[in-house]
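Colleague: The structure follows.
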Amino acid sequence: MIIDAHLHCTGRENTTDVLRTLDEAGIDTGVLLAPFLGDGYSLNDAASLRRANEHLSRLVRHHPDRLIGFAVVDPRDPAAPQDLRYAVEDLGLRGCKMVPTGWYPYEERVQPVFAVANELALPLLFHSGIFIDGRSGRFCRPTYFEALRDHPRTRVALAHMGWPWTDEALAVALIDRIHGIPYEQAQFRLDISFGPPPAYRREVLARMLEVLGAGALQFGSDCFLPCSGAHVMERRQWVIDLMDELELGADTRHRLWCGTAAAWLGLKLEAEAPPMALARPHGLPRRNAHDEDSTGGGGAAHASVPRPWRPICC
Ligand SMILES: [Zn+2]
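Taking our numbering, the leading residue of the sequence shown gets 242, the next gets one more, and so forth.
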């Protein structure tokens, strides 16, 4: 099974096309974020975000197994707490994406939204790290999200591994590891959508795996819908290539592709074919430092073709 834990809607997509994109890319379940960048939607326009959440609700409502809708709210807006509650309880959305721009996660004024998320025990996705489009990333440093520890029932994912503050993001997620909290109950995890430019990726992912383990890391393409399945598959291939270069074992790959995200989303994974099926079978199975199971597996490194880095992230 493969979960794409970070897919953007724009308002221009429809359900049929989204499902086709997922099928073409081999994605079983997609976490779809309500539109908030352009096409009449803006993080600075709360009314547009209400429209965005309504659009997303219509988009996902008949496919709860494949499409998981995340509301977007501006927590500075006084109505945002009730907007979030409405999005979950009435619109059927199942989590929330927030992008700190013009507010810091530790500010008093944004805590009421976090409190609602805590009450509903929601999975939350936050942009963390700089913005590639030139907006200031100063609101999005990973340590600022420690404020969520005051809302311990929320399940937080920090996008892009916080790049360029990847050590800082690692440290935030490490606290749960230090305290011995099982991955499935940890409050923080990181999505590995890039984020780090190509020259950084192998080093960053290897360090995250070594220190945090794959149970704290989840795949997200960060693609903007509508798009082709080939576009999502290209992002998947970046990850597959890194997995092969790092010679990751089957259990590690399984956690990255779906295990971590399933726990974040509160999904029960059904028994499935061995996760080796997710890997491209290069060479003989082998065991290495990144394997977390006893099965070994994975694949030998292979020469990867450099792929263009698309400088879009949010
Ligand atoms: Zn994004």
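Where a beta carbon is used, it is the ideal one built from N, C-alpha and C, also for glycine.
(1) Is I309 helix, strand or coil when you go by DSSP?
(2) Quick check on this structure: which residue in G310, S289, A358 has the alpha carbon closest to the alpha carbon of Q323?
(3) Please classify M402: does DSSP put it in a helix, a strand, or coil?
(4) What residue does the alpha helix (DSSP H) around T493 start on, and which one ends it?
(5) Go ahead and label H247 buried or exposed: buried means 16 or more other beta carbons lie within 10 angstroms of its beta carbon, across all protein chains shown.
(6) Specify the secondary structure class of V473 as computed by DSSP and reduced to three states.
(7) Which runs of the alpha helix (DSSP H), 4 residues or longer, sit entirely within the region 402-475?
(8) Can you tell me which of the three DSSP states I481 falls into?
(9) Please state the DSSP three-state secondary structure of Y345.
(10) Just the C-alpha distance for W404 and R430, rounded to the nearest angstrom, thanks.
(11) Is S434 close to chain C, meaning its C-beta is less than 8 Å from at least one C-beta of that chain?
(12) Inspect the CB distances between the region 286-298 and the region 259-268 and report whether three or more fall short of 8 Å.
(13) When the distance is taken between beta carbons, is F355 closer than 8 Å to L389?
(14) For the candidate residues D318, D485, E488, whose alpha-carbon lies nearest to that of D286?
(15) In the DSSP assignment, find the alpha helix (DSSP H) that holds F355 and state where it starts and stops.
(16) Please work out which residues of its chain come closer than 7 Å, Cβ to Cβ, to P316, disregarding the five sequence neighbours upstream and downstream, and give them in chain order.
Modeller: Result, derived from the coordinates:
(1) In the displayed model, I309 falls within a strand according to three-state DSSP.
(2) Looking from the CA of Q323, the closest CA among G310, S289, A358 belongs to A358.
(3) M402: helix per DSSP, three-state reduction.
(4) Taken as a continuous stretch (DSSP letters only), the alpha helix (DSSP H) holding T493 covers 491-495.
(5) Residue environment analysis places H247 among the buried positions, since at least 16 neighbouring C-beta atoms fall within 10 angstroms of its C-beta.
(6) Per DSSP, reduced to three states, the secondary structure at V473 is helical.
(7) Unbroken alpha helix (DSSP H) stretches of 4 residues or longer found wholly inside the region 402-475: 407-419, 439-452, given in chain order.
(8) Helix.
(9) Residue state, collapsed to three classes: coil.
(10) Rounded to the nearest angstrom, the two C-alpha atoms are 14 Å apart.
(11) Within the model displayed, chain C is absent; a lone protein chain is all it includes.
(12) Because the criterion of three Cβ pairs below 8 Å is not met, the region 286-298 and the region 259-268 do not touch.
(13) Taking 8 Å as the Cβ cut-off, L389 and F355 qualify as a contacting pair.
(14) D286 has its Cα closest to that of D318, out of D318, D485, E488.
(15) That run of the alpha helix (DSSP H) goes 352-360.
(16) Around P316, the same chain offers M339, W344, V351, V354 as residues with beta carbons nearer than 7 Å, after the five sequence neighbours per side are excluded.
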